[in-house]
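Everything in the sequence shown is counted per this note's numbering, starting at 2 for the first residue and increasing by one. The C-beta atom is built at its ideal place from N, Cα and C for all residues, glycine as well.
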Amino acid sequence: MVILEDLKEINDVIKDLAEFVQNDSVVKPDFEEYLNTVGQSGMNYQSACFTYIFERKLDNKTILALFLENTKKLSASSKKIVKALMNSISSIFEIKRVLQNGFEFNNIINEKNYNVISLVKMTAFRGMGAGQYVVARIFKFDDSYYLLEISGVLPSSKRDDALRYSVAKIIQNPELVYLDNPEKQKEIEENIESIYNKFIEFFGKDEIVTTNKFADDIIGMFNDFAEGGEKLDFSDKVVLPDDYKYFSVSEFNNSYDNFLENSLGGFSSHKEVYDVGIVYDRELGLYAVPFYETFNKIFEDTENIQNAKECVEFFLNNDKFSANIIKRVAERHENFTDVVNNLLGTKMTFEELLEKYKSRYLENKIFSSTTVLYKSKAFSKTLGIIEEESEKPELEGIDLKKIGRNDPCPCGSGKKFKKCCGANL
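Spelled out as structure tokens, the structure:
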């Protein structure tokens with residue numbers, strides 16, 4: 002049973018954290034700069050403060066870790082609370098029930114139900130009810146879950162928006178799908194191993210390189226095979242670019258407002274031609290990696306790769322590329338660290354390089370976004386929404402019985418018939 006002293010001490014720790022970011026000589030300047038930046042987006046002070054405390058890092062240390070290091074005479078119980086806060090969960094929840102002292106939530110992202118205890122009086126949530134969606138942060142302490150904040154509310158009629166936002170968060174942080182849900186993690190791990198064996202059977206190796214114009218076709222052929230289809234010849238789809246160079250691809254800069262619709266267009270919809278590596282990491286899953294072979298070529302012929310430095314920075318700074326992808330390339334090229342240091346003007350060891358750029362992957366097991374999305378109910382539902390919204394031409398006068406399952410769909414979607422209008426026949 003939760004006692005009032007627990008609630009009081011948790012609230013006291015949160016107040017101490019707020020005072021810490023406003024007064025610590027190192028943290029304060031960064032916090033003020035952060036407030037100036039987010040203030041332009043209209044975020045309220047409390048939400049900005051929570052986001053900063055739980056998501057900001059300084060010199061590769063979290064604000065909570067800095068608080069523990071720099072706060073003297075912190076009680077053992079307060080330290081325990083701070084360590085629990087380090088594992089807080091930020092997600093999109095559906096309100097299932099309003100309880101006397103909190104809520105029953107369903108986490109749309111990790112597909113788990115929670116009974117959460119509010120740290121403030123429930124009158125603060127007057128007007129909220131079952132069926133609504135909330136952007137909230139919760140944490141577990143002594144076998145109970147507590148509600149830290151609700152930063153956004155959507156009515157039940159905005160279910161589609163809640164799902165889209167959930168998928169955006171999954172793409173940004175795939176680990177949210179299995180965070181605090183070991184059953185889901187096991188399901189994903191088993192799927193990764195199963196699909197890895199099929200990948201090797203289909204391609205004969207764990208990676209293949211082509212251009213963006215054929216990457217979608219190859220991935221589609223493999224997906225069909227993995228789902229029980231026949232093994233088709235993909236050799237004519239393995240086409241390499243005339244030369245290897247790195248450049249900015251405008252389609253990678255889409256906002257989250259239409260990110261999913263744009264991504265469904267695939268690599269082939271991009272105007273420029275560039276190489277794409279289709280890589281299956283046995284631990285973390287499937288990656289489609291733009292400029293993968295260009296990145297490799299840098300360590301073979303640096304001088305003749307256009308924008309080599311920018312390409313290296315793209316791979317190091319892009320949080321979608323795991324430490325395993327960097328390790329894979331480094332293992333092939335003994336000069337990897339020397340070339341990177343020369344291009345960036347640094348003197349790091351390989352371990353220091355990973356710690357600086359890929360620390361999140363060293364600290365956590367983060368499966369590829371693609372792999373996680375395949376097992377996400379939120380993603381499946383979102384795909385259904387988009388397909389319902391897509392306008393398709395009428396198929397009157399077309400004898401669907403004469404269309405093969407693997408033929409292009411006559412509606413013009415670009416998908417195979419069995420994946421489109423023929424799916425429900």
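For residue i, three-class secondary structure by DSSP
i, result
"Asn-365", "coil"
"Thr-303", "helix"
"Ala-131", "coil"
"Tyr-358", "helix"
"Ile-327", "helix"
"Asp-154", "A small correction: the amino acid at residue 154 is Val; Asp does not occupy that position in the sequence shown. Correct three-state label for Val-154: strand."
"Ile-210", "Looking at the sequence provided, one finds Val at residue 210 rather than Ile. Residue state, collapsed to three classes: strand."
"Pro-242", "coil"
"Glu-392", "Bear in mind that a pLDDT of 49 at Glu-392, under 50, signals an unreliable position, so the number given afterwards is only what the model happens to contain. Coil at Glu-392, not helix or strand."
"Asp-181", "coil"
"Ile-404", "coil"
"Asp-17", "helix"
"Phe-322", "coil"
"Asn-308", "coil"
"Phe-248", "coil"
"Asp-477", "No information on residue 477 is available, as it lies outside the stretch 2 to 426 that the chain covers here."
"Ile-205", "The residue asked about is misnamed: residue 205 is Gly in this sequence, not Ile. Coil."
"Asp-25", "coil"
"Met-222", "helix"
Rounded separation between residue i and residue j - CA only
i, j, result
"Phe-260", "Ile-220", "Residue placement at Phe-260 cannot be trusted, given a pLDDT of 44 that sits under 50; what the coordinates show is reported in the next sentence. When rounded, the distance between both Cα atoms is 20 Å."
"Ala-379", "Asn-37", "34 Å"
"Asn-342", "Asn-319", "18 Å"
"Glu-284", "Ile-326", "11 Å"
"Ser-377", "Lys-170", "12 Å"
"Gln-23", "Asn-61", "20 Å"
"Val-99", "Leu-59", "38 Å"
"Gly-1", "Leu-18", "The chain is shown from 2 up to 426; residue 1 falls before or after that span and cannot be answered."
"Tyr-197", "Ile-151", "40 Å"
"Lys-187", "Glu-304", "45 Å"
"Asn-336", "Arg-361", "25 Å"
"Ser-323", "Glu-364", "12 Å"
"Ser-236", "Phe-215", "11 Å"
"Arg-329", "Val-168", "28 Å"
"Gly-103", "Asp-7", "15 Å"
"Asn-255", "Ile-82", "With a pLDDT of 46 at Asn-255, under the threshold of 50, the modelled position of this residue cannot be trusted; read the value that follows with caution. Going by the C-alpha atoms only, they are around 39 Å apart."
"Asp-243", "Phe-200", "27 Å"
"Phe-226", "Tyr-179", "27 Å"
"Phe-94", "Val-250", "34 Å"
"Gly-1", "Lys-382", "Because the chain spans 2 through 426 in this model, residue 1 falls outside it and cannot be assessed."
"Tyr-257", "Ser-370", "The predicted model places Tyr-257 with a pLDDT of 42, which falls under 50 and marks its position as unreliable; any figure quoted below should be read in that light. Their Cα atoms are separated by approximately 15 Å."
"Asn-71", "Val-28", "11 Å"
"Leu-384", "Ile-172", "14 Å"
"Ile-15", "Lys-357", "29 Å"
"Leu-344", "Asp-31", "29 Å"
"Asp-451", "Leu-75", "Since the first residue of the chain shown is 2 and the last is 426, residue 451 is not available in this structure."
"Tyr-53", "Asn-45", "12 Å"
"Tyr-312", "Tyr-245", "Just to set this straight, residue 312 is Cys in the shown sequence, not Tyr. If I take the Cα positions, the gap works out to 11 Å."
"His-334", "Phe-203", "27 Å"
"Ala-125", "Met-222", "53 Å"
"Met-349", "Thr-338", "8 Å"
"Leu-374", "Val-39", "29 Å"
"Lys-185", "Leu-177", "11 Å"
"Glu-105", "Lys-122", "16 Å"
"Asp-408", "Tyr-288", "27 Å"
"Leu-317", "Ala-331", "12 Å"
"Asp-217", "Leu-355", "30 Å"
"Ser-78", "Ile-11", "9 Å"
"Thr-63", "Asp-234", "49 Å"
"Tyr-35", "Asp-302", "41 Å"
Cross-strand partners of residue i (DSSP beta bridge)
i, result
"Val-99", "Phe-104"
"Ile-139", "Ile-90, Leu-148"
"Ala-289", "Ile-279"
"Ser-119", "Leu-148"
"Thr-63", "Lys-58"
"Lys-113", "Asn-108"
Supposed contact pair residue j and residue i - C-beta distance, whole angstroms, cut 8 Å
i, j, result
"Tyr-293", "Val-210", "6 Å"
"Asn-182", "Glu-112", "7 Å"
"Phe-368", "Gly-278", "Not really, about 18 Å apart at Cβ, beyond 8 Å."
"Ser-157", "Gly-132", "4 Å"
"Asn-1", "His-271", "Not covered by the structure: residue 1. The range shown for the chain is 2 to 426."
"Ile-110", "Leu-164", "That belief does not hold up - the Cβ atoms of Ile-110 and Leu-164 are roughly 10 Å apart, past 8 Å."
"Tyr-1", "Lys-159", "The chain is shown only over 2 to 426; residue 1 falls outside these bounds and no answer can be derived."
"Lys-80", "Leu-69", "7 Å"
"Asp-276", "Thr-295", "6 Å"
"Phe-351", "Tyr-247", "Between Tyr-247 and Phe-351 the Cβ distance is about 21 Å, and since that is not below 8 Å, they are no contact."
"Thr-372", "Ile-189", "7 Å"
Heavy atom of the ligand ADP within 7 Å of residue i beta-carbon
i, result
"Val-239", "The model on display carries no ligand, and the ligand ADP is accordingly not part of it."
Would you call the segment 140-160 in contact with the segment 115-130, where contact means no fewer than 3 C-beta pairs closer than 8 Å? Counting Cβ pairs under 8 Å, three or more are found: they touch.
Contact between the segment 79-94 and the segment 132-144: three or more CB pairs below 8 Å? Short answer: they touch.
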